[in-house]
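The structure under discussion appears below in the form of structure tokens.
2 protein chains.
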Amino acid sequence: MSKPKIAFIGTGLMGGPMAANILKAGFPLTAWNRTASKAEELAPLGATVAMSPQQAVADADFVITMLSDGPAVASLMFDQNVAEAMKSGAVLIDMSSIKASEARDHAARLEAMGLGHLDAPVSGGTKGAEAASLAIMAGGNEEVFSSAVALLEAMGRPVRVGPHGAGQLSKLANQAIVAVTIGVVAEAMLFAEKGGADPAAIRQALKGGFADSIILQQHGERMTTGNFVPGGPSKFQLKDINNVLEEARNNGLSLPLTEQMQTRFKRFIEELDGGDKDHSGIYLELLDINGISPE
Amino acid sequence: MSKPKIAFIGTGLMGGPMAANILKAGFPLTAWNRTASKAEELAPLGATVAMSPQQAVADADFVITMLSDGPAVASLMFDQNVAEAMKSGAVLIDMSSIKASEARDHAARLEAMGLGHLDAPVSGGTKGAEAASLAIMAGGNEEVFSSAVALLEAMGRPVRVGPHGAGQLSKLANQAIVAVTIGVVAEAMLFAEKGGADPAAIRQALKGGFADSIILQQHGERMTTGNFVPGGPSKFQLKDINNVLEEARNNGLSLPLTEQMQTRFKRFIEELDGGDKDHSGIYLELLDINGISPE
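Taken in sequence, the protein lines are chains L and A. Residue numbers for the first sequence follow our numbering, so the first one is 1001 and each next one is one higher. Residue numbers for the second sequence follow our numbering, so the first one is 1001 and each next one is one higher.
The structure is reproduced here in structure tokens:
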């Protein structure tokens, strides 16, 4: 059986290595990106570079989008008629992180046009994208998910977590955990350092125990070495937190730890110019709370 | 080279299996415990059972204590003159979880007597003690730590994290991360469930990603199945948080996430009778905040 044809739209920091891994797994792939140079980087790996998104999707069985937010996806698919350019029965796998309500809306509109939809946002950052080890949280029809598993496995580990929108909910749950965990890792690193312990040795000592996480190891190291080059910019972290709490409000829920991090990331961005710093930069906001100047 | 002689004081739930692993590694060991029967259980493994703690330490190169708190250690070592009974140059390895300030005080007093000191609290619970897989966080002199590594390795994975007191700081940092992570995992599980996603599938999807942790997998499952049998009782979690924040205050630090969990665990214990429930029971406190009755 020949492999399905893939269109990949949005080949930036995350999408670039994801598309590269699809090519390495042997799928034929056509790429399009608003800034064309980023799509052209995939040509040496065998990608066809399209002149427009409509051209990119014309022959594709699966269209993957990796864009900044829900309005960007809607604008592309519906305002710019990319959905209309897709062939009948093709499936949009939207791997962007958008609102659950937007994902449900896109799914309904595409299904009305005879197209399939999965919301399949990811977690794992650029490292996970490069290593093809992304956590892929998929919402949608079980049969459509099954047809896409081999493709998704080229980028990471897909799990279907529920109906349309559930992938986005799962990503939001993921982002709430990430935001708060980064916050407490910052507290643990500062606490240890101020008390005269070696944060790097502590990360080593805690490895494999109840307190361990990728965030402790990776973002903890960023904090103690002062490396806040993104990675995951704080402005996107705040966008995710806002989406978590909007969705929570829609369900009548109060989430007090996530709410604290919303206030603090907002302050980090607005008062401390942290928007383009990695989200581990919340360590700088904690220093600021404590009246400590970063070294 | 013959192995150093060990005295082990406090052979209870944790100390018992730790002493047994030292015996299995071939170290000569003398045991003492306030309730004598618990020391006598080690005799079949080759332990000498002492009649008093002073007798236990008289000939030892390393004295290990595994007691309930700092005052218990001070009472034994200084009020009951056990330190005085130690031979010159011997080392106390205090594996109890006590305050960092107490550990530094004990170290200074012992060094003034010509004795060595390591604070070396552990993480990993009775399972880790039995499997000799404890995370051992050691504070103290580097040379003294090196001399003790082979002994500590009989019980788990030792890492020197800094000078006197740093082991206790590391243990407290561990406990702060655990408390806050449990809090946000509760938020993520509730958020997912209310939004119509499957919490078990979400835990599966997040496995290996940035949001993953032992707490997400183990305590997250406790929350969705409603199993709050301890485990780690909430009253001990609050004691640990109190120690973190006391030490933080001593260093002039504010730790806002840990502070929120102090307030909430206090409320869970005092108003919702949660003291003897597992710390994952903070999920019940979150339900209460949201006016939701547990099923």
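Every residue gets a Cβ at the ideal spot worked out from N, C-alpha and C, and that includes glycine.
Among the residues of chain L, those whose CB is under 7 Å from the CB of A:S1254 are I1289 and N1290, following chain order. Inside the stretch 1074 to 1126 of chain L, DSSP marks whole alpha helix (DSSP H) runs of 4 or more residues at positions 1082 to 1085 and 1100 to 1112, from first to last along the chain.
Not one beta carbon of chain L lies nearer than 7 Å to the beta carbon of A:S1280. The C-beta distance from A:A1047 to A:L1013 rounds to 17 Å, too long to meet the 8 Å contact threshold.
In the three-state scheme derived from DSSP, where H, G and I count as helix and E and B as strand, A:M1066 is classed as coil.
Our two residues, L:S1096 and L:V1063, have alpha carbons roughly 12 Å apart in a direct line.
Neighbourhood of L:M1223 in chain A, by CB distance below 7 Å: empty, with the nearest CB roughly 13 Å away. Against chain A, a Cβ distance below 8 Å from L:E1247 picks out F1191 and G1195. In the structure shown, A:L1029 adopts extended strand secondary structure according to DSSP, grouped into three states. With its beta carbon at least 7 Å from every one in chain A, L:T1011 lies outside the interface.
Contacts with chain L at 7 Å (Cβ-Cβ) include A:Q1204. Taking 7 Å as the upper bound on Cβ-Cβ separation, chain A lies near residues A1135 and M1137 of the stretch 1135 to 1147 of chain L. For the C-beta of L:A1043, not a single chain A residue is nearer than 7 Å; the gap to the nearest is close to 30 Å.
The bridge partners DSSP lists for A:I1006 are A:L1029 and A:F1062. Contact annotation for L:R1157 against chain A: G1208 [CB-CB distance below 7 Å, chain order]. In this structure, DSSP gives L:G1128 a helical state, which the three-state scheme calls helix.
Counting C-beta atoms within 10 angstroms of its own C-beta, A:S1213 has 16 or more neighbours from the protein chains shown and is therefore classed as buried.
In this structure, the alpha-carbon of L:M1086 lies about 37 Å from that of L:K1277. Chain order gives the chain L residues near A:D1198 as V1161 and G1162, where near means a beta carbon separation below 7 Å. Straight-line measurement puts the Cα of L:Q1262 at about 19 Å from the Cα of A:T1263. Straight-line measurement puts the Cα of A:R1034 at about 35 Å from the Cα of A:I1282. For A:G1183, the enclosing alpha helix (DSSP H) starts and ends at A1166 to K1194. A:I1136: member of the beta strand (DSSP E) spanning L1134 to G1140, first to last residue. When Cβ-Cβ separations below 7 Å define contact, L:T1263 makes no contact with chain A. Contacts with chain L at 7 Å (Cβ-Cβ) do not include A:V1049.
Around A:Q1260, the beta-carbon contacts reaching into chain L at under 9 Å are P1256, L1257 and Q1260.
Between the alpha carbons of L:I1269 and A:A1132 lies a gap of roughly 46 Å. Only residues of its own chain outside the window of five on either side were considered, and among them L1287 have a CB closer than 8 Å to the CB of A:S1293, listed in chain order. Identification of chain L residues near A:A1211 by a Cβ-Cβ cut-off of 9 Å yields S1123, A1135, A1173, N1174, Q1175, A1176, I1177, V1178, T1181, S1213, I1214 and I1215, ordered along the chain. At a cut-off of 7 Å between C-beta atoms, L:E1295 does not count as an interface residue with respect to chain A. Residue environment: A:D1273 is assigned as exposed (fewer than 16 neighbouring CB atoms within 10 Å of its CB, all protein chains considered).
Taking a beta-carbon distance threshold of 7 Å, L:A1150 does not count as an interface residue toward chain A. In its chain, beyond the 5 residues on either side, V1180 have a beta carbon closer than 7 Å to the beta carbon of L:L1257.
When Cβ pairs closer than 8 Å are counted between the two stretches, the stretch 1123 to 1142 of chain A is seen to touch the stretch 1196 to 1215 of chain L, the count reaching three or more.
It is roughly 30 Å from the alpha-carbon of A:D1240 to the alpha-carbon of A:E1193. Looking at the backbone, the Cα of A:N1243 and that of A:N1251 are separated by about 12 Å.
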